[in-house]
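Asker: Numbering (this note's numbering), first residue to last: 147 to 459.
Don't be surprised by glycine CBs; every beta carbon is placed ideally from N, CA and C.
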Amino acid sequence: MKRKKIGVLLMAYGTPRSKSEIEPYYTHIRRGKKPPQALLDELTERYEAVGEINQFAKITEAQVEKVVADLNQRFPEVEFHGYLGLKHISPFIEEAVEQIARDGIEEAVGLVLAPHYSTYSVKSYNSRAADKAEALGIKLHSIDSWHDEPAYVEYWADQLRELFASMPAEEKERSVVIFSAHSLPEKILALGDPYPHQLQETARLIAERVEIPHYRMGWQSAGRTPEPWLGPDVQDLTRELHEREGFTSFIYCPIGFVAEHLEVLYDNDIECKAVTDELGANYYRPPMPNARPEFIACLSGILSKELIRKGAI
147 MKRKKIGVLL MAYGTPRSKS EIEPYYTHIR RGKKPPQALL DELTERYEAV
197 GEINQFAKIT EAQVEKVVAD LNQRFPEVEF HGYLGLKHIS PFIEEAVEQI
247 ARDGIEEAVG LVLAPHYSTY SVKSYNSRAA DKAEALGIKL HSIDSWHDEP
297 AYVEYWADQL RELFASMPAE EKERSVVIFS AHSLPEKILA LGDPYPHQLQ
347 ETARLIAERV EIPHYRMGWQ SAGRTPEPWL GPDVQDLTRE LHEREGFTSF
397 IYCPIGFVAE HLEVLYDNDI ECKAVTDELG ANYYRPPMPN ARPEFIACLS
447 GILSKELIRK GAI
């Protein structure tokens with residue numbers, strides 16, 4: 147019996163794979179407007195500060211490869227094929243959907259590698275994929291949000307349990323967990339965007355699972371635009387919690403991200419650590435999901451449930 151073919155489209159923001167790709171990547175983010183040399187130099191320096199540029203793309207590619215392998219193992223009667231679609235660099239989302247069509251696959255499932263829904267992020271990814279899929283006659287099942295997925299919550303809960311177990315008792319007593327995500331323009335609040343609420347919900351679920359007495363929600367990696375962005379920024383929040391509440395150990399949990407990309411390795415591990423060093427406080431950050439087996443199983447589970455719900459498998 148011939149196995150049914152299903153495409154698995156994982157979508158992400160994208161990242162340059164070499165120094166030469168940084169400028170076109172940044173230009174695409176700026177909607178075709180070339181960045182000033184000072185901003186380009188700053189971004190290049192950030193990539194250089196955290197090591198090999200291509201490491202970030204490799205993580206995302208590994209996530210796709212391992213999720214598809216896991217799905218094929220779970221459902222041997224189905225033939226899953228993986229595709230990566232990126233927002234700001236090739237393979238773009240539309241290119242990935244076109245490849246699905248060229249491979250003769252008529253049904254696919256799409257998932258953005260960001261757990262929390264926003265009209266600024268997940269909606270735009272899914273809309274781009276859906277428009278191209280419809281034009282090519284592909285039946286695409288899209289997942290909008292997985293912020294409260296038990297396996298995702300449990301991933302972070304496990305990491306925090308291990309971290310707390312390794313901390314000296316005196317540090318643990320004066321510690322606070324800062325859950326964070328990529329900031330977005332404040333105007334999303336007036337639109338009733340669910341993004342901030344979903345992040346608060348993820349933080350609450352994790353904190354309850356681990357019984358964390360002190361935690362806060364912060365924002366990071368705000369864009370370079372004049373409009374106000376969601377706050378408080380994690381660095382400002384760190385200073386405030388130290389000065390006003392006396393916390394001396396800070397545990398940064400970037401739950402809005404699923405891999406050790408630039409925002410985590412630079413914005414957390416360099417910038418936030420610089421603040422804790424300045425304050426004489428302790429810096430901690432649990433490992434990111436990356437392509438760890440428990441996270442791959444989480445993603446496979448999310449995709450499986452959607453395909454079963456839609457009657458695709």
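Give me the Cβ distance between Ala-327 and Pro-400, rounded to the nearest whole Å; I'm assuming they're in contact under 8 Å.
Answerer: Along the sequence shown, one-based indexing puts residue 327 at 181. Along the sequence shown, one-based indexing puts residue 400 at 254. 7 Å between Cβ atoms; contact.
Asker: Scan the region 266-327 and note each continuous alpha helix (DSSP H) run of 4 residues or more that stays entirely inside, going in chain order.
Answerer: Fully enclosed alpha helix (DSSP H) runs of 4 or longer: 268-282, 296-312 and 315-319.
Asker: Assuming the contact rule is C-beta atoms closer than 8 Å, Ala-158 and Leu-286 should be a hit. Round their C-beta distance to whole Å, please.
Answerer: To locate residue 158, count along the sequence shown from 1; it is residue 12. To locate residue 286, count along the sequence shown from 1; it is residue 140. Not quite, the Cβ-Cβ distance comes to about 17 Å (not below 8 Å), so this is no contact.
Asker: Got a sec? Which residues, its chain only, sit under 6 Å from Pro-374 by beta carbon, not counting five neighbours each side?
Answerer: As a first step, residue 374 must be located in the sequence shown, where it is residue number 228. For Pro-374, where only same-chain residues beyond five positions count, the Cβ hits under 6 Å are Glu-332.
Asker: To the nearest angstrom, how far is it from the Cα of Glu-349 to the Cα of Asp-294?
Answerer: What you label residue 349 is simply residue 203 of the sequence shown in a count that begins at 1. What you label residue 294 is simply residue 148 of the sequence shown in a count that begins at 1. Just to set this straight, residue 349 is Ala in the shown sequence, not Glu. Going by the C-alpha atoms only, they are around 10 Å apart.
Asker: Look up Ser-166 in the DSSP assignment and say whether it is helix, strand or coil.
Answerer: Walking along the sequence shown from the start, residue 166 turns up at place 20. Note: Ser-166 maps to helix in three-state DSSP.
Asker: Straight-line CA distance for Ala-306 to His-262?
Answerer: For the purposes of this step, residue 306 is taken as residue 160 along the sequence shown, with counting starting at 1. For the purposes of this step, residue 262 is taken as residue 116 along the sequence shown, with counting starting at 1. Here the sequence assigns Leu to residue 306, which means Ala is not the residue at that position. Roughly 20 Å separates the two Cα atoms.
Asker: Suppose you measure from the CA of Lys-456 to the CA of Arg-176; what does that come to, to the nearest Å?
Answerer: Taking the sequence shown and counting its residues from 1, the one referred to as residue 456 is at position 310. Taking the sequence shown and counting its residues from 1, the one referred to as residue 176 is at position 30. If you take the alpha carbons of Lys-456 and Arg-176, they lie about 37 Å apart.
Asker: Of the choices Phe-221, Phe-226 and Ala-279, whose alpha-carbon is the least far from that of Ala-247?
Answerer: Numbered from its first residue, the sequence shown carries residue 247 at position 101. Comparing Cα positions, the closest option is Ala-279.
Asker: Counting Cβ pairs closer than 8 Å, one from the region 448-455 and one from the region 418-425, do we hit at least three?
Answerer: With a cut-off of 8 Å, the region 418-425 and the region 448-455 do not count as touching, because too few Cβ pairs lie within range.
Asker: Give the range of the beta strand (DSSP E) segment to which Ala-388 is assigned.
Answerer: Your numbering for residue 388 matches position 242 in the sequence shown. Before going on, a small fix: residue 388 reads as His here, not Ala. Looking at the DSSP string, His-388 is not in any beta strand (DSSP E); the run it does join, the alpha helix (DSSP H), is 380-391.
Asker: For Val-421, report the span of its alpha helix (DSSP H) as first-last.
Answerer: One-based indexing of the sequence shown puts residue 421 at position 275. 419-425 is the extent of the alpha helix (DSSP H) around Val-421.
Asker: Looking only at its own chain, which residues have a Cβ that is under 8 Å from the Cβ of Val-268, when we skip the five neighbours before and after it?
Answerer: Taking the sequence shown and counting its residues from 1, one reaches residue 268 at position 122. Around Val-268: Val-258, Ala-260, His-262, Asp-290 and Ser-291.
Asker: How big is the Cα-Cα spacing for Glu-225 and Ala-458?
Answerer: Stepping through the sequence shown from its first residue, residue 225 is reached at position 79. Stepping through the sequence shown from its first residue, residue 458 is reached at position 312. Answer to the nearest angstrom: the Cα atoms are 12 Å apart.
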